[in-house]
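Engineer:
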Amino acid sequence: MKTTAILFMASALGLVACGLPDTKVGQSNHQDTVPVNKVMPSIRADSLKTETTTLFIDTIRPKLDSLQIVKHAQGIINGTVQPSDDDITFAVLDSVCSQNAKTRAYYFKALKKTLVLSDGALSEMMGVFIKCYIETAPGEAAKNYALLTPKEQQLFTFFLAFELMVDYPSTENEPDVSLYFNKIRKRISPIDNEALKSFVILKKETIEGLKKLIREN
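In this text, residue positions in the sequence shown follow my numbering: the first is 66, and each later residue adds one.
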């Protein structure tokens, strides 16, 4: 089953990646590069006892310390580390679910890089972290989604749709998917028009992607 899912993911990713530009007009590929001596925010694994966690944390926390995760994240952002389907990469990506906004802001840069770099089993897990991120900070996630390149946006919604397909495996579930997004949307400030507008687009693109995945699966 897992092998089938990975093969399906790889095939679908090939279609997603075709013909999309890597950057927006005027956007630099180097804007997220982090100086080696830059002080990083404390990571999610340092304050797990007070936070809602994903399914990976119970096994990751005893094995890794914060410095390992910070260095790994920095390497992904700078392009010197290839993210993989291992505990340390999962710990980096899981940190976008932190209750600390500064922590999320930094580790989102690593998630953004991993959108394009991921393959195989890691691609299969990307939706777990993206789903956790939009549930943790929906307004922030929507605004960050709007700042991604077209290619990154398509991968973001594709991975999210792939994860949602587990819970909503039929096109008959579309009303339930819409309700899922509407419940999250209610947590965005009603005066944050930028976030609300971006969230509507995120919802629309994800649902369209989900319907396509269901038809092709």
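Beta carbons: idealized from backbone N, C-alpha and C, even for Gly. Computed from a prediction, not measured in an experiment: that's the story for all the values here.
Whole alpha helix (DSSP H) runs in the stretch 151 to 234 with 4 or more residues, listed along the chain?
Structural biologist: Listed in chain order, the complete alpha helix (DSSP H) runs (minimum 4 residues) inside the stretch 151 to 234 are 152 to 159, 166 to 182, 185 to 201, 203 to 212 and 215 to 232.
Engineer: For my contact list, residue 13 and residue 271 are in at a C-beta cut-off of 8 Å; report their separation, rounded to the angstrom.
Structural biologist: Absent from the model: residue 13. The displayed extent of the chain is 66 to 282, so no value can be given.
Engineer: At the level of alpha carbons, what is the spacing between residue 166 and residue 279?
Structural biologist: Stepping through the sequence shown from its first residue, residue 166 is reached at position 101. Stepping through the sequence shown from its first residue, residue 279 is reached at position 214. Taking the straight line joining both Cα atoms gives about 34 Å.
Engineer: With residue 271 as the anchor, note down where its alpha helix (DSSP H) starts and where it stops.
Structural biologist: Taking the first residue of the sequence shown as 1, we reach residue 271 at position 206. First-last of the alpha helix (DSSP H) with residue 271: 258 to 281.
Engineer: Hey, how far is the Cα of residue 123 from the Cα of residue 158?
Structural biologist: Residue mapping note: residue 123 aligns to position 58 of the sequence shown, counting from 1. Residue mapping note: residue 158 aligns to position 93 of the sequence shown, counting from 1. Only weak support exists for where residue 123 lies, its pLDDT of 41 falling under 50; the value from the coordinates is given anyway. Distance between the alpha carbons of residue 123 and residue 158 is about 15 Å.
Engineer: Quick check: what's the CA-CA separation for residue 178 versus residue 256?
Structural biologist: Here residue 178 refers to the residue found at position 113 when the sequence shown is read from its first residue. Here residue 256 refers to the residue found at position 191 when the sequence shown is read from its first residue. Spanning the two alpha carbons is a distance of roughly 30 Å.
Engineer: Could you tell me the distance, in whole angstroms, from the CA atom of residue 218 to the CA atom of residue 208?
Structural biologist: Your numbering for residue 218 matches position 153 in the sequence shown. Your numbering for residue 208 matches position 143 in the sequence shown. Straight-line Cα distance between these residues: approximately 12 Å.
Engineer: Rounding to the nearest angstrom, what Cα-Cα distance links residue 238 and residue 132 in this structure?
Structural biologist: Here the question's residue 238 lines up with position 173 in the sequence shown. Here the question's residue 132 lines up with position 67 in the sequence shown. Going from the Cα of residue 238 to the Cα of residue 132 covers about 43 Å.
Engineer: Comparing C-alpha positions only, which one of 277, 184, 235 and 263 sits nearest to residue 199?
Structural biologist: Counting from 1 along the sequence shown, the entry for residue 199 is found at position 134. Among 277, 184, 235 and 263, the Cα nearest to that of residue 199 is on 263.
Engineer: Taking the Cβ atom as the reference point for each residue, do residue 139 and residue 182 lie within a distance shorter than 8 Å?
Structural biologist: Sequence index remark: in the sequence shown, residue 139 carries index 74 (1-based). Sequence index remark: in the sequence shown, residue 182 carries index 117 (1-based). It is not a contact, given that the beta carbons lie outside the stated cut-off.
Engineer: Suppose the cutoff is 7 Å on Cβ atoms and the five residues either side in sequence are ignored; what does the same chain contact list for residue 268 look like?
Structural biologist: To locate residue 268, count along the sequence shown from 1; it is residue 203. Only 246 meet the Cβ criterion.
Engineer: Determine whether the beta carbon atoms of residue 254 and residue 204 lie at a separation below 8 Å.
Structural biologist: Along the sequence shown, one-based indexing puts residue 254 at 189. Along the sequence shown, one-based indexing puts residue 204 at 139. Against a cut-off of 8 Å, the Cβ pair of residue 204 and residue 254 comes out as a contact.
Engineer: Taking just the CA atoms, how far does residue 248 sit from residue 229?
Structural biologist: On the sequence shown, position 164 is the one that residue 229 refers to. On the sequence shown, position 183 is the one that residue 248 refers to. About 15 Å.
Engineer: What distance in whole Å lies between the Cβ atoms of residue 276 and residue 236, which are believed to be in contact at a cut-off of 8 Å?
Structural biologist: Stepping through the sequence shown from its first residue, residue 236 is reached at position 171. Stepping through the sequence shown from its first residue, residue 276 is reached at position 211. With a Cβ gap of about 6 Å, residue 236 and residue 276 count as contacting.
Engineer: Secondary structure at residue 249, three-state DSSP: helix, strand or coil?
Structural biologist: Residue mapping note: residue 249 aligns to position 184 of the sequence shown, counting from 1. Three-state result, residue 249: helix.
Engineer: Determine the contact status of residue 298 and residue 192, defining contact as a CB-CB distance below 8 Å.
Structural biologist: Residue 298 falls outside the range modelled here, since the chain spans only 66 to 282, and no answer is possible.
Engineer: Need the endpoints of the alpha helix (DSSP H) that residue 139 sits in, please.
Structural biologist: Along the sequence shown, one-based indexing puts residue 139 at 74. Run containing residue 139: 131 to 143, per the alpha helix (DSSP H) assignment.
Engineer: Alpha carbon to alpha carbon, how far is residue 224 from residue 142?
Structural biologist: Indexing the sequence shown from 1 puts residue 224 at position 159. Indexing the sequence shown from 1 puts residue 142 at position 77. In a straight line, the C-alpha of residue 224 is about 20 Å away from that of residue 142.
Engineer: Nearest by alpha-carbon distance to residue 176: which of 282, 161 and 189 is it?
Structural biologist: Stepping through the sequence shown from its first residue, residue 176 is reached at position 111. Residue 161 is the option with its Cα nearest to residue 176.
Engineer: Shortest alpha-carbon distance to residue 210 belongs to which of 241, 231 and 260?
Structural biologist: The residue labelled residue 210 in the question sits at position 145 within the sequence shown. Comparing Cα positions, the closest option is 260.
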